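55 is the number of the first residue of the sequence shown in our numbering; add one for each residue after it. Below is one structure, written out as C-alpha cells, with a few remarks after it.
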Amino acid sequence: MPNCPTHRIRTLNDAEPNTAGDYVLYWMVAFRRGNWNFSLDRAVELAQQLNKPLVVLEAIRCDYEWASDRLHHFAIQGMRDNIRRFAETNIRYYCYVEPRKGAGKGLLKSLAENAAVVVSDDYPCFFLPSQHRAAARQIGCRFELVDSNGMLPMQVADKTYLRAYDLRRFLQKTLPDYLDERPDDDLADVDLRDAQLPQAVLDNWPESPVESWVESTAYLAELPIDHSVPAVDDIVGGEVAARKQLDTFIKSRLNRYSERNQPEADAASGLSPWLHFGHISTHEVFAAVADATGWNPTKLSGKANGSSKGWWGLDEDAEGFLDELITWRELGFNMCSRERDYADYESLPDWAQESLAEHASDKREHEYTREEFEQAKTQDELWNAAQWQLVSTGRLHNYLRMLWGKKILEWSPTPQSALETMLQLNNKYAIDGRDPNSYSGIFWVLGRYDRPWGPEREVYGKIRYMSSDNTARKVRVKGYIEKYSPTKAEQQRLFD
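Here is the structure:
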C-alpha cells in the first residue's frame with residue numbers, strides 16, 4: 055500500500071473524514087500524473103483505510119490569467135496520457151475542460167458532497183493557493199493538501215532562504231534523511247473498489263472528449279481563451295513525452311551538461327515544461343540520474359559547506375544538473391511557500407530597492423513600450439532573437455533569459471514597469487511560466503538571491519549588469535540569432 059510521509063501532508067479544515075461518503079476524491083491540480091505522485095499515494099492510502107473507491111478529478115478552467123491555446127493544449131495532452139494511465143487501474147479518472155467561463159462552477163462542491171475525504175496538491179504558486187482556500191470554505195469533509203513538489207518537503211525548511219548557498223548548506227545537512235522517500239512508481243496493482251460518479255455530476259458536467267480533441271488543435275477555437283498565443287507543434291504535453299525527454303537527456307546530454315550555458319550546444323535537460331505542469335516528478339528525474347550514474351547515498355561527501363561541487367560524489371555534469379534540479383528549483387518553492395508577496399516588487403531585498411530607486415530617473419539610452427518588447431522590435435538582435443524564441447516556441451534559453459531580463463530593466467522607464475513586463479511576457483508565452491522557478495529567475499534580474507555589485511552603473515545601480523556584447527563574447531550566439539531572429543512577415547502574422 056502506498057504510504058505518504060506525514061511531513062508532506064497538511065489539512066485546510068478541521069473536519070473529520072465523512073465515513074458515509076461514497077469515495078475518496080483526489081482533486082488533481084498541479085501534479086498532473088498517474089505515478090510518482092505523493093498526492094495520489096495519499097488518496098490511495100485513505101481509500102484503502104476507509105474501504106472506499108477513489109475518484110480522480112482533473113479539471114481545467116478557462117478564466118485563469120494567461121489562459122491560451124498554448125497552455126491549454128499542453129495540459130490537455132497530459133490529460134490524454136492520464137486517461138490511458140488510469141485505465142490500467144480501477145481508479146475512476148474524470149477529466150473536465152470548462153467550455154465557457156463559469157461552466158465548471160459547482161463541480162468540485164458537488165463531488166465533495168459525496169466524498170469521504172478530499173485530497174489535493176500543495177503547490178505554492180500562481181492562483182492555486184487562493185483557489186484551495188476558497189475551496190476549503192465549501193468542503194464539509196476532511197480536506198488535505200499534499201506536497202509532491204521536490205525532494206525536500208516544503209514544511210521541513212526552517213526559514214526563507216535568500217541565497218542559494220545558504221539553502222544548499224541546509225540541504226546538505228538535511229536532505230540525506232529524505233532521499234529514501236519516493237512516491238509509488240506504478241499503481242496498476244493497487245486493490246481498490248470500483249467507483250461510480252453521481253449521475254447528476256455527469257449530466258451537469260459531461261466528461262470532455264480529450265482523446266479525440268488532441269488529434270489536432272481545432273477544438274481550441276471553441277474555448278474562450280487567448281487564441282493569439284498558439285500551441286507549439288514540436289513540444290507535447292504529458293508523461294509519455296516527459297519520459298522521452300528525460301531518457302534523451304540522460305543518454306545524450308547529461309554528460310555535457312556543463313555546456314548548458316551555450317545557447318547553441320543543446321545541453322540543458324529541457325524538462326522544465328513538464329516539471330511545471332506536473333507531468334513528471336522530480337523524484338523520477340532524480341532516480342533516473344542516480345541509475346544512469348550509479349549513484350547511491352554512500353557517495354555523499356558528508357560536508358555541508360554549501361559548495362555546488364563535490365557533495366553528490368559525481369562528475370561535474372551530473373553534480374551541476376542535480377544542483378539545478380534540487381537547490382535552485384527548491385529555492386523558488388521555499389520562497390513561494392513562505393512569502394505571500396513573492397511576486398511583488400516590494401519583496402526585493404532592501405539594498406536592491408534602494409539602489410534601483412536612486413537610479414530610477416537615470417537617462418535610458420533606449421526605451422521601449424510593452425508592445426515593442428513583446429513583438430521583439432528593439433535595436434538589439436540578440437535580445438530580439440531571445441524574445442522571439444519565447445514567443446514562437448514557448449521556451450527561452452536559461453542563460454539568455456538572464457540577459458533578456460537585464461535588458462528589459464535597462465530599457466524600461468522604471469524598474470517596477472520592467473518587472474511587470476517580464477512577468478507578463480514570461481507568463482503569457484513560456485510553457486514553464488507561472489512557476490516558482492519563473493519568479494526566481496525574474497526577480498534574480500532585480501537582485502533577489504544576489505548581492506550588490508560594483509561599479510555602480512546608470513539605471514542598474516548596484517544590480518548585476520549584463521550586456522549583449524559581453525554575452526556574445528562569453529557564449530556562441532551567431533547560430534542562435536540566425537535561428538530565432540524574427541522576420542517582419544512573422545511579426546505581422548502573429549501581431550497584426
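C-beta atoms are modelled at their ideal positions from N, C-alpha and C, and glycine is treated no differently. Quick caveat, the model's predicted, so the values are computed rather than measured.
In three-state terms, what does DSSP make of Val283?
Coil at Val283, not helix or strand.
Please work out which residues of its chain come closer than 8 Å, Cβ to Cβ, to Ala344, disregarding the five sequence neighbours upstream and downstream, and give them in chain order.
Closer than 8 Å at the Cβ level, and outside the excluded window around Ala344, lie Asn350.
Quick one: what's Thr65 bridged to in DSSP?
For Thr65, which the question treats as bridged, DSSP gives the partners Glu198.
Looking at Ala406: is its Cβ nearer than 8 Å to the Cβ of Gly448?
The answer is no: Cβ separation not under 8 Å.
Are the beta-carbon atoms belonging to Lys227 and Ala358 less than 8 Å from one another?
The answer is yes: Cβ separation under 8 Å.
At what residues does the beta strand (DSSP E) containing Val110 begin and finish?
Counting along the chain, the beta strand (DSSP E) containing Val110 begins and ends at 108 to 114.
Do Thr525 and Leu457 come within 8 Å of each other at the CB atom, strictly closer than that value?
The answer is yes: Cβ separation under 8 Å.
Going residue by residue through the region 449 to 491, where are the continuous beta strand (DSSP E) segments of at least 3 residues, counting only ones entirely within it?
Runs found: none.
Of the choices Gln545, Gly292, Tyr118, Glu293, whose alpha-carbon is the least far from that of Glu152?
For Glu152, the nearest C-alpha among the options comes from Tyr118.
Would Ser122 and Val283 qualify as a contact pair, given that the criterion is a beta-carbon distance under 8 Å?
Yes, the pair counts as a contact, with Cβ atoms nearer than the cut-off.
By a C-beta neighbour count over all protein chains shown, 10 Å radius and 16 as the cutoff for buried, is Asn491 buried or exposed?
Answer is buried; the Cβ neighbour count reaches 16.
Grab the span of the alpha helix (DSSP H) containing Trp442 for me, first residue to last.
Its alpha helix (DSSP H) spans residues 435 to 447.
Enumerate, from N- to C-terminal direction, the unbroken alpha helix (DSSP H) stretches of 4 or more residues contained entirely within the region 160 to 239.
Qualifying alpha helix (DSSP H) stretches, in chain order: 161 to 167, 182 to 190, 218 to 228.
Pull the bridge partners of Tyr80 from the DSSP assignment, please.
In DSSP, Tyr80 forms a bridge with Val110, Val173.
Determine the closest residue to Leu94 out of Thr432, Pro403, Glu426, Asp201, with distance taken between C-alpha atoms.
Per the Cα distances, Asp201.
Count the other C-beta atoms from every protein chain shown that fall within 10 angstroms of the C-beta of Asp369, then say buried if there are 16 or more, exposed otherwise.
It counts as exposed.
Considering only residues of the same chain and omitting the five flanking positions on each side of Ser174, which have a CB-CB separation below 8 Å?
Taken in chain order, the residues that qualify are Tyr80, Trp81, Met82, Val83, Ser93, His186, Ala189, Phe197, Glu198, Leu199, Val200.
Who are the Cβ neighbours of Ser326 in its own chain at under 6 Å, not counting the five residues just before and after it?
Taken in chain order, the residues that qualify are Asp486.
What do you reckon, are the CB atoms on Lys106 and Tyr77 nearer than 8 Å?
For Lys106 and Tyr77, yes; Cβs fall inside 8 Å.
Could you check the C-alpha separation between Gln546 and Leu436 for me, to the nearest Å?
So the alpha carbons of these two residues sit roughly 20 Å apart.
Which first and last residues belong to the beta strand (DSSP E) in which Val151 is found?
Start and end: 146 to 151.
Report the residue ranges of all alpha helix (DSSP H) runs contained in full by the region 324 to 360; include only those spanning at least 4 residues, in chain order.
DSSP runs (the alpha helix (DSSP H)) wholly in the region 324 to 360: 326 to 330, 336 to 347.
Which residues in the same chain have their Cβ closer than 7 Å to the Cβ of Ala218, if we skip the five residues on either side of it in sequence?
Counting only Cβ-Cβ distances below 7 Å, and skipping sequence neighbours, we find Thr381, Trp382, Leu385, Tyr503.
Relative to the C-alpha of Glu421, which residue among Ile462, Gln441, Gly324 is closest?
Residue Ile462 is the option with its Cα nearest to Glu421.
For Gly291, tell me which candidate among Pro317, Phe331, Asn309, Asn315 has the shortest Cα-Cα distance.
The residue with the shortest Cα to Cα distance from Gly291 is Phe331.
Using the C-alpha atoms, what's the distance from Ile145 back to Val172?
Using only the alpha carbons, I get a separation of about 15 Å.
Whose CA, out of Glu510, Trp465, Gly364, lies closest to the CA of Glu408?
The option with the nearest alpha carbon to Glu408 is Glu510.
Go through its chain and collect everything with a Cβ distance to Tyr534's Cβ below 7 Å, but skip five positions before and after it.
Pro317, Glu318, Ala439, listed in sequence order.
Rounded to whole angstroms, how far is the Cβ of Val244 from the Cβ of Val339, which I believe are closer than 8 Å?
Not quite, the Cβ-Cβ distance comes to about 23 Å (not below 8 Å), so this is no contact.
Apart from the five residues on each side of it in sequence, which residues of its chain come closer than 7 Å, Cβ to Cβ, to Cys58?
Contacts found: Phe92, Asp95, Arg96, Glu99, Val200.
Could you tell me whether the Cβ atoms of Leu182 and Met205 are closer together than 8 Å?
No, they are not a contact pair.
Are Asn67 and Ile193 closer than 8 Å when you measure CB to CB?
Their beta carbons are under 8 Å apart, which means Asn67 touches Ile193 by this criterion.
Identify, in the order they occur along the chain, each residue of the same chain with its Cβ nearer than 8 Å to the Cβ of Lys213, setting aside the five sequence neighbours on each side.
The answer, listed in chain order, is Arg392.
If I follow the unbroken alpha helix (DSSP H) through Val255, where does it start and stop?
Here the alpha helix (DSSP H) through Val255 covers 253 to 258.
How far does the alpha helix (DSSP H) with Gly132 in it extend, from its first residue to its last?
Note, Gly132: alpha helix (DSSP H), 123 to 140.
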